[in-house]
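Using my numbering, you'd call the opening residue of the sequence shown number 1 and step up by one each time. By construction, the Cβ of each residue, glycine as well, lies at the ideal position given by its N, Cα and C atoms. Read through the structure below, which is laid out as structure tokens, and then see the notes.
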Amino acid sequence: MMIKFKIFFAAMFVFCWAYGVQSQTKQYDLCIYGGTSAGVVAAYTAAKAGKSVILVDPGHRLGGLSSGGLGHTDIGNKYVVSGLALDFYRKIGKHYNTFEQWIFEPKVAEAIFNQYMEDCGAEMRLGQLLLDVERVGTKITQAHFRSTENTETPPLTVIAKMYMDCTYEGDLFAAAGVSYHVGREDNRVYGETLNGVQLMDGHQFPNGIDPYVKRGDSSSGLLWGIRDGELLADGTGDKKVQAYNYRITLTNVPENRIPIAEPDNYDPARYELLKRQKEIQPWKGLNDVFIWSGMPNGKTDINNRNGFSTDMIGMNWDYPEANYARRREIIKAHEDYTKGLLYFVGNDPSIPEFIREEMQKWGYPKDEYVNDGHWSPQLYIREARRMVGELVMTQHHCQGKEVVNDEVGYAAYTMDSHNCDRLVINGMVKNEGNVEVGGFPPFPISYRAIVPKRDEVTNLLVPVCLSASHIAFGSIRMEPVFMVLGQSAAVAACLAIDQGIDVQSVGVSEIKAVLASNPKADQRQSDILISSSDVDAVQFTGNWNQGSNDGYGRSYVEADSKDGQSTAKFTAASLPAGSYDVYTYFPKSDKSSQLFTYSIYDGKTSDEKQLDLSRVEIKGQTSSTWVPLGSSVVIDGDKPAFVEISTKGANGIVAANAVLFVPTDDQR
């Protein structure tokens, strides 16, 4: 839908000006609204490129969901994580004394985002809410902000050459008059099959759960959390958005634990559906109701599971376009519901004693969210507005039926939508809207999907609420991908400023060239990555076949030691002389060999070794990881450096997936 020059919080804005409050006016090359992970990465990228940058956010904590509880990183394939996004996970790794780490504590992530901002010198104004945007033709000329805490503070006016919306809500682009959509498109809009209404089995109630307050009596009314409405046909579009929740951080370390007390507005009747669900599916453990992922130092990242859990289904439909006050009400309702659920499970007499005892071992961490009552200030806004830009990413792009050639990032997660509705179907309570469909390799995301239509706004980029259908956004909407797109958007903004052109006219080949030559944005030396699909860089002998597991990238090859000796030689032809840490990618399977032989040639000599894979621990959502081969000082020799992997000494499958040379001083 199109909203022309929509004014947010107009009453407050007029009030401030009516009383003659003088605005603070500042000028920058780039104004970024949204201190999410993408916003921080974009600010760092542009500031390191020499641009004056201001990052504005209505909250007070950087990193969005990446520092707000989602420590168990949603990732389909590590191939899609590049540039500063990858640098972030390596900084996490450095903190935990490993190479890359994909599970982490919120406070560790926040500290890294804060350090990025400190190191880049961009200005930061937190606690500033967007009021409105001024436009002349297709150019945003000014954006106005006010303090969220002190309305007597003079409003902030930002005049910038370029603007970027890195919010989860899309407030800036909506205020600028850019086309957008809220909810689920009808399948007919883009010829999809997984959009609109979808009644599936995932995160669903079992059959037989009575929805009425008085069982069997429809006149008694519905239990809390159930909508009084009818199920529409599969594929029907609507304005419903997938459920929000909190990614909950708890701890079982006694000295760091705050007991889970009865929260504000507690009402055990809200959890009657859980009681009825467990009558049919008896309790076995906390994982029945929660995805209980362990984090470092005895902490958790807890997510939604099954029919009744942390998702507050149907309670967020008006959030995307609500004003600030109404959003705060919705956020508080989610907080009360979630804390109430934790308290209910740990204390209600209807819960089996062994479950209550298990739950009471956990509490809120004293060392997390210390300025927010030890509770995350970031609700998981899985989806709000989605821009309708120069190109709309759809299910067809996810599944490879349509492929763009102007990519500025990749996605790889399943097409994932949490439930959008809860209603009565055939006399039973059912959830509706959950979709989890994968089985496709990483796919490219178009530059045209992060810029508005040319006839709407020409100095704005949108790397978070980008142009995608509901179901395609469900695959793209992962924090690492948002960071990658934020960096690409920042490079595009810099190019547009330098060349005096509209964002729609920026050459994607130029964006790619900048990202390739300076992937870490601060002129640190690039890694050298060689994939098995790089035909000019990899030479094979013996018997290699297509890999069958989830490896790095779109494909890889593997050889079985029983078929004789096979080798794969990865040549780093352009590797400068220097000191490197060398890795190979290990897609683990039940048939993987515990040992294989490899050699590293440094330009002069070759050193043959065996790698023991039996102790490799793979954490997080993938079944594969980088494995260190050691360090090497590459010298200028007669021939380029290489790594050769062999089935010699192996006792099973050996993968030749990718080899990585990382400058030894990269995170020093």
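Are there 16 or more other CB atoms within 10 angstroms of the CB of residue i, so buried, or fewer, so exposed?
{"i": "valine 462", "result": "buried"}
{"i": "serine 548", "result": "exposed"}
{"i": "isoleucine 355", "result": "buried"}
{"i": "methionine 164", "result": "buried"}
{"i": "alanine 18", "result": "Note that alanine 18 scores 38 on pLDDT, short of 50, meaning its location in the model is unreliable; the coordinates nonetheless yield the value given after this. Classification of alanine 18: exposed, given that the 10 Å Cβ count is below 16."}
{"i": "histidine 60", "result": "exposed"}
{"i": "asparagine 207", "result": "exposed"}
{"i": "valine 535", "result": "exposed"}
{"i": "glycine 71", "result": "buried"}
{"i": "proline 349", "result": "exposed"}
{"i": "arginine 672", "result": "Residue 672 cannot be examined here, being either before or after the span of the chain that is shown, 1 to 668."}
{"i": "threonine 167", "result": "buried"}
{"i": "glutamine 101", "result": "buried"}
{"i": "threonine 338", "result": "buried"}
{"i": "threonine 151", "result": "exposed"}
{"i": "methionine 428", "result": "exposed"}
{"i": "asparagine 303", "result": "buried"}
{"i": "aspartate 612", "result": "exposed"}
{"i": "glutamine 546", "result": "exposed"}
{"i": "arginine 328", "result": "exposed"}
{"i": "valine 178", "result": "buried"}
{"i": "lysine 520", "result": "buried"}
{"i": "proline 320", "result": "buried"}
{"i": "threonine 25", "result": "exposed"}
What would DSSP say about residue i, mapped onto helix, strand or coil?
{"i": "valine 40", "result": "helix"}
{"i": "valine 21", "result": "Only weak support is given to the placement of valine 21: the predicted model assigns it a pLDDT of 48, under 50, and the value that follows is read from those uncertain coordinates. Coil at valine 21, not helix or strand."}
{"i": "leucine 342", "result": "helix"}
{"i": "glycine 259", "result": "It is worth fixing the name first, because residue 259 is proline in this sequence and not glycine. Of the three classes helix, strand and coil, the one that applies to proline 259 here is strand, per DSSP."}
{"i": "asparagine 347", "result": "helix"}
{"i": "methionine 117", "result": "helix"}
{"i": "alanine 10", "result": "Interpretation of alanine 10 is limited by its pLDDT of 41, a score under 50 that renders its predicted location unreliable; the figure taken from the coordinates is listed afterwards. Three-state result, alanine 10: helix."}
{"i": "glutamine 128", "result": "strand"}
{"i": "phenylalanine 354", "result": "helix"}
{"i": "glutamate 510", "result": "helix"}
{"i": "threonine 45", "result": "helix"}
{"i": "glutamine 487", "result": "helix"}
{"i": "phenylalanine 99", "result": "coil"}
{"i": "glutamate 335", "result": "helix"}
{"i": "lysine 299", "result": "strand"}
{"i": "asparagine 304", "result": "strand"}
Contact check, residue i vs residue j under 8 angstroms by CB: the rounded distance?
{"i": "threonine 394", "j": "alanine 472", "result": "5 angstroms"}
{"i": "threonine 541", "j": "threonine 571", "result": "Threonine 541 to threonine 571, Cβ: 14 angstroms. No contact."}
{"i": "tyrosine 601", "j": "phenylalanine 642", "result": "5 angstroms"}
{"i": "isoleucine 645", "j": "threonine 584", "result": "7 angstroms"}
{"i": "leucine 575", "j": "proline 640", "result": "7 angstroms"}
{"i": "leucine 515", "j": "valine 491", "result": "6 angstroms"}
{"i": "glycine 127", "j": "threonine 148", "result": "5 angstroms"}
{"i": "methionine 387", "j": "isoleucine 103", "result": "About 31 angstroms; that fails the 8 angstroms criterion."}
{"i": "serine 631", "j": "threonine 664", "result": "6 angstroms"}
{"i": "glycine 474", "j": "serine 532", "result": "That belief does not hold up - the Cβ atoms of glycine 474 and serine 532 are roughly 30 angstroms apart, past 8 angstroms."}
{"i": "asparagine 405", "j": "methionine 312", "result": "Not really, about 41 angstroms apart at Cβ, beyond 8 angstroms."}
{"i": "lysine 239", "j": "valine 182", "result": "6 angstroms"}
{"i": "asparagine 651", "j": "serine 593", "result": "5 angstroms"}
For residue i, I'd like the list of residues in its chain whose CB is within less than 6 angstroms of its CB, leaving aside the five on either flank, ordered along the chain.
{"i": "lysine 271", "result": "According to the sequence as given, residue 271 is tyrosine; it is not lysine. Around tyrosine 271: Phe344."}
{"i": "valine 21", "result": "Since pLDDT at valine 21 reaches only 48, below the 50 mark, its modelled position is unreliable, and no value is offered."}
{"i": "threonine 251", "result": "Arg257, Gly298, Lys299, Pro365"}
{"i": "methionine 359", "result": "Val345, Gly346"}
{"i": "glutamate 123", "result": "Ile54"}
Which residues in the same chain as residue i place their Cβ atom closer than 8 angstroms to its Cβ, once the five residues preceding and following it in sequence are excluded?
{"i": "aspartate 636", "result": "Ala577, Gly603"}
{"i": "glycine 202", "result": "Asn434, Val435, Glu436"}
{"i": "phenylalanine 173", "result": "Asp165, Tyr180, Arg385, Met387, Pro452, Val457, Leu460, Val462, Cys465"}
{"i": "threonine 141", "result": "Glu134, Arg135, Ile159"}
Can you find a CB in chain B that lies within less than 8 angstroms of the CB of residue i?
{"i": "lysine 214", "result": "Of the chains in the structure shown, none is chain B; there is only one protein chain."}
For residue i, which residues in the same chain have their Cβ closer than 7 angstroms to its Cβ, ignoring the five residues on either side in sequence?
{"i": "leucine 194", "result": "Gln395, Met415, Val435, Val437, Ile471"}
{"i": "threonine 458", "result": "Thr138, Lys139, Asp502, Val503, Gln504"}
{"i": "tyrosine 28", "result": "Ser52, Val53, Ile54, Val158, Ala160"}
Original post:
Counting Cβ pairs closer than 8 angstroms, one from the segment 384-403 and one from the segment 423-435, do we hit at least three?
Top reply: no
Original post:
Does the pairing of the segment 481-500 with the segment 34-48 give three or more beta-carbon distances under 8 angstroms?
Top reply: yes
Subject >> Three or more C-beta pairs below 8 angstroms linking the segment 220-227 and the segment 418-428 >> reply: yes
Original post:
How do the segment 108-122 and the segment 63-80 stand: do at least 3 beta-carbon pairs fall below 8 angstroms, yes or no?
Top reply: yes
**OP:** Decide if the segment 368-387 is in contact with the segment 279-292; the criterion is three or more beta carbon pairs, one per stretch, under 8 angstroms apart.
**Re:** The segment 368-387 vs the segment 279-292: no contact.
Original post:
Touch check for the segment 81-99 and the segment 20-34: three-plus C-beta pairs under 8 angstroms?
Top reply: no
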